[in-house]
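Taking it in order: structure first as structure tokens, then the write-up.
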Amino acid sequence: MTFFKLQALSLISSAAARYAWPDPKYEAIEQLRWDQRGYGSTALFTPCDTFIGGTQTGRSNSADWVRAAYHDAATYNAEDGTGGLDASIRFEEEQQRAENVGTGFANTFFFVNLIANRYVTYADGLAAAATIMIENCGGPVIDYRGGRVDATEPNKPGVPEPQQSLEEHVASFKKQGFNKTEMIGLVACGHSFGGVQHSSFPDLVPELNDPANTESNARFDTTFRVFDNAVATEYIKGTTQNPLVVGSNDTLNSDKRIFGSDGNATMAALAADPEHFARTCATLIAKMLDTVPRGVRLTDVITPIPVKPYDVQISYNANGTLNFIGGNVRLWNVAENPNRVVRGVVTDKNGVALKPVVLSHSSFQIGTAAGERFTSTWYTWPTLPAMDAAASIAKFHYEIDEGDGTPVRVADQDGLGFPMRDDVLFSETSCNYDSTGFPRPWRFDVAVRKGLNASRIFLQTYSLPTLTLEPMLREVGSGSYDLWSADVLPENDGIWTVSYQIEGMTIDVPGKHRIMLIDCPA
Ligand code: HEM
15 MTFFKLQALS LISSAAARYA WPDPKYEAIE QLRWDQRGYG STALFTPCDT FIGGTQTGRS
75 NSADWVRAAY HDAATYNAED GTGGLDASIR FEEEQQRAEN VGTGFANTFF FVNLIANRYV
135 TYADGLAAAA TIMIENCGGP VIDYRGGRVD ATEPNKPGVP EPQQSLEEHV ASFKKQGFNK
195 TEMIGLVACG HSFGGVQHSS FPDLVPELND PANTESNARF DTTFRVFDNA VATEYIKGTT
255 QNPLVVGSND TLNSDKRIFG SDGNATMAAL AADPEHFART CATLIAKMLD TVPRGVRLTD
315 VITPIPVKPY DVQISYNANG TLNFIGGNVR LWNVAENPNR VVRGVVTDKN GVALKPVVLS
375 HSSFQIGTAA GERFTSTWYT WPTLPAMDAA ASIAKFHYEI DEGDGTPVRV ADQDGLGFPM
435 RDDVLFSETS CNYDSTGFPR PWRFDVAVRK GLNASRIFLQ TYSLPTLTLE PMLREVGSGS
495 YDLWSADVLP ENDGIWTVSY QIEGMTIDVP GKHRIMLIDC PA
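Taking the numbering used here, the leading residue of the sequence shown gets 15, the next gets one more, and so forth.
Now the structure itself:
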């Protein structure tokens, strides 16, 4: 068994010990961190040799995203606990500082803005962006934690600049929480990707007049799109073209001063063994990404959930019946198997397990993560007949039959099942007031079980900026549920979710809802 397979197994067993579905915030961060490529992915990945964000050639998103994460984290002040990785670099005021020269920060947030939502902060997104690019472009698997909190204003300056002295750099990294050896390692790790651009440092890098490198990016090493130790091997061999080592203006040769500051001991070790480079970088990059303002509590390392339901919900029909919408289930890191049968079993509130249904799977329903070291495979529930509201649905589970004579695996959260609540539901009576125009005003209906003592029922946007819509209006009694409605105005268009408060707890109802295509009755 390979190292990575062993590591995958240990990740899975530790995840199983801590986590129970549903936990929408944990699941959203887990999706961001692990569903990296292919089916179900959040698309926070671009190919390693690609630059999306302009017509220039010679750049890559991987370099931008890693540099952006560092420049955000580098504002940390270990003495007073301020600054750190909190996405403050998204503010224009920070981007305009001389220490943050270049367009890479705005470009990075073009992507991070797309994935941030009610559960995923910009800061968690930025940390995930760096993690995913390193892992998929030749680098090691990084311990990723969630729970970063977004700054509401720019941090104080603090990012090191190439013209500063070695003493200033040592002091700066100490302030960021890194000792001298860690400083050498972290700079080497970061400068495995990318290089220095003419537009940012015209005195350091000349115009290259190369159609394949219109950005005139002078690379730190010859494998600038691969996260590997060439930055160290070329430096030790003396063949390096790193512009911060061999630049003609020695004042700007900060990598030369930093790399040589311990007589090359750290760089020689990083050059001698690619595995040592990978392990060192995994540790240092994780530490950099976990450099957060004092008081912010990060989660444990986010490990893949072995059997993960996606997009499951119960909805309410006009005639008082309920739909169980099973969505998808993701099986983590199992090989494709045409003989595998995945069945879903729903248990109603009387404890009666309904007839198992077979979930479907197509060859495109697969994904990969961490540079193809892990796979994910999805199965989809069929549409089930509507259910009686009184019997309703208490829970569901999966049976996974590999079709090879081995025992059927029951995925039921150690006997608990995957529990469902039916107190507050999205109602299929939601509708469009005007289906001809765009954007369209629409009516969002929510079914609330009669007698439920909820203190508040409200809608929130899923994607940022988070908007809350309340109160719910127009209560209408029907069967065992009351229907509550709210008008969602055109300017509020987006993806909406339902939440309610009961006994001091806020419960997010599973399910995301876009504009309805059904016209409201005249
Ligand atoms: C004393 C510390 C450091 C100095 C003085 C420094 C300096 C620089 C300079 C001058 C550039 C060129 C920027 C441009 O052309 O726009 C650069 C690029 C870069 N830096 Fe650093 N850096 C330092 C530490 C780090 C660290 C710790 C990381 C990450 C762990 C990092 C990641 C990067 C990356 C990925 C690029 C390439 C950007 C691209 O090609 O678009 N740097 N750095």
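Think of the CB as a built atom: it goes at the ideal place given N, C-alpha and C, for glycine as much as any other residue.
- Boundaries of the alpha helix (DSSP H) around glycine 204: 194–204.
- Between arginine 354 and valine 422, the alpha-carbon positions lie close to 10 Å from each other.
- DSSP places glycine 139 inside the alpha helix (DSSP H), whose first and last residues are 136–150.
- Taking the Cβ of phenylalanine 125 as the reference point, every heavy atom of the ligand HEM lies at 7 Å or farther away.
- For aspartate 459, the uninterrupted beta strand (DSSP E) run begins and ends at 456–463, by DSSP.
- A distance below 8 Å separates the beta carbons of phenylalanine 241 and phenylalanine 207.
- Annotation for leucine 140 indicates a beta carbon at 7 Å or more from all heavy atoms of the ligand HEM.
- If you ignore the 5 residues before and after lysine 322, its C-beta comes within less than 6 Å of the C-beta of Arg344, all in its own chain and listed in chain order.
- The ligand HEM approaches proline 174 closely enough that one of its heavy atoms is under 7 Å from the residue's Cβ.
- If you ignore the 5 residues before and after valine 315, its C-beta comes within less than 7 Å of the C-beta of Asp157, Tyr158 and Arg159, all in its own chain and listed in chain order.
- In the DSSP annotation of this structure, the continuous segment of the beta strand (DSSP E) that includes glutamate 413 starts and ends at 409–415.
- In this chain, the alpha helix (DSSP H) harbouring glutamine 109 covers 106–109.
- Distance from the C-beta of glutamine 211 to the nearest heavy atom of the ligand HEM is below 7 Å.
- Closest by C-alpha distance to glutamate 517, out of Ile532, Ser469 and Thr394, is Ser469.
- One alpha carbon belongs to serine 376, the other to tyrosine 393, and they sit about 8 Å apart.
- For the 8 Å CB-CB criterion, threonine 166 and leucine 140 do not form a contact.
- Spanning the alpha carbons of threonine 237 and proline 288 requires a straight line of approximately 14 Å.
- Per DSSP, reduced to three states, the secondary structure at leucine 345 is strand.
- Per the C-alpha coordinates, the member of Ala226, Phe192 and Arg457 positioned closest to threonine 64 is Ala226.
- Within the segment 365–432, the complete beta strand (DSSP E) segments at least 3 residues long are 380–383, 388–394, 409–415 and 423–425, listed from N- to C-terminus.
- Here methionine 519 is exposed: its Cβ has fewer than 16 other Cβ atoms, across all protein chains shown, within 10 Å.
- For isoleucine 43, the enclosing alpha helix (DSSP H) stretches over residues 38–48.
- Glutamate 93 counts as exposed, since fewer than 16 other C-beta atoms from the protein chains shown sit within 10 angstroms of its C-beta.
- In the DSSP assignment, no residue is bridged to serine 469.
- Between glutamine 190 and tyrosine 90, the CB-CB gap stays under 8 Å.
- Excluding residues up to 5 positions away in sequence, Glu149 and Val155 lie with their Cβ nearer than 6 Å to the Cβ of alanine 384 in the same chain.
- Distances from the alpha-carbon of glutamate 386 to those of Arg73, Trp498, Gly153 and Thr265 put Gly153 closest.
- Nearest to leucine 531 by C-alpha distance, out of Val523, Phe458 and Gly261, is Phe458.
- Sequence-distant partners of glutamate 113 (beyond 5 residues in either direction) whose C-beta falls short of 7 Å from its own C-beta, in its chain, are Pro171, Val173 and Glu175.
- Counting only residues of its own chain and dropping the five nearest sequence neighbours on each side, isoleucine 129 has a CB closer than 7 Å to the CB of Leu46, Thr56, Leu58 and Gly139.
- Around the Cβ of aspartate 448, a 10 Å sphere holds fewer than 16 other Cβ atoms; the residue is exposed.
- A direct Cα-Cα distance of roughly 15 Å separates aspartate 49 from valine 126.
- Across the set Gly72, Val306 and Pro433, the C-alpha of Pro433 shows the shortest separation from the C-alpha of alanine 34.
- Between phenylalanine 124 and histidine 85, the C-beta gap is not smaller than 8 Å, which leaves the two residues out of contact.
- For isoleucine 328, the enclosing beta strand (DSSP E) covers residues 327–330.
- Shown here, aspartate 269 sits in a helix according to DSSP, grouped into three states.
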